[in-house]
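Only one structure is covered here, and it is reproduced in the block below.
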Amino acid sequence: IGKIGISEALLNKPGKLDEDEFNIMKKHTTIGYSILSDSELELISEAAEIALKHHENWDGSGYPNALKGEEIPIESRIVAFVDVFDSLSQKRIYKDAWPIEKILDYMKSQRGIKFDPKLVDLFFAHLEEFNEITKSQLSEQSD
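Structure (structure tokens):
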């Protein structure tokens with residue numbers, strides 16, 4: 335949601351962002367938080383925390399607060415995993431969609447670095463179920 339505060343030119347830039355551009359892009363986490371954080375509704379307050387913390391990495395190398403491990407709420411850890419999976423599987427102006435095997439290899443390689451090891455293990459333990467759900471949704475979309 336915070337990306338509404340980032341210029342379209344930056345969001346739609348083909349190719350890799352330079353350091354200054356990436357620092358601007360990283361602000362989408364705090365922008366999203368500020369949009370959602372004044373709500374008295376528990377669900378919206380939780381969404382604010384997710385918006386703020388979904389780019390924190392398990393090893394502490396993420397942003398905006400360099401949280402590490404269990405300091406990152408489980409909801410944000412889940413969204414981080416799903417966000418990366420979705421991003422890699424979709425064509426974007428700055429990149430082509432990755433093949434599924436490359437995505438799976440990347441997700442495994444980031445176990446304990448970017449992602450909570452337990453979530454990675456859980457995902458791969460249920461990969462067949464995930465594939466069935468995905469196939470089902472794709473067939474419903476084509477109907």
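Residue numbers (our numbering): 335 to 477.
Even for Gly, the Cβ is constructed at its ideal location relative to N, Cα and C.
Under the 8 Å Cβ criterion, the segment 417-437 does not count as touching the segment 365-372, having fewer than three qualifying pairs. The continuous alpha helix (DSSP H) containing Tyr367 extends over residues His362 to Leu370. Scanning Ser423, Asp393 and Ile427 for the CA closest to the CA of Arg411 turns up Asp393. Restricting attention to Asp352, Asn357 and Ile365, the CA atom closest to the CA of Lys337 is found in Ile365. Ser341 and Ile384 have their C-alpha atoms some 22 Å from each other. Beta-bridge partners assigned by DSSP to Arg426: Lys429. Annotation for Asp354: the continuous alpha helix (DSSP H) segment containing it runs Glu353 to Met359. A distance of 7 Å or more separates the beta carbons of Gly339 and Tyr428. Partner residues in a beta bridge of Arg411, as assigned by DSSP, do not exist. In its chain, beyond the 5 residues on either side, Phe415, Met441 and Phe464 have a beta carbon closer than 8 Å to the beta carbon of Phe457. The Cβ atoms of Glu355 and Leu344 lie closer than 7 Å to each other. In the DSSP annotation of this structure, the continuous segment of the alpha helix (DSSP H) that includes Phe458 starts and ends at Pro451 to Ala459. Judged by DSSP secondary structure, Glu380 falls within the alpha helix (DSSP H) whose first and last residues are Glu376 to Lys387.
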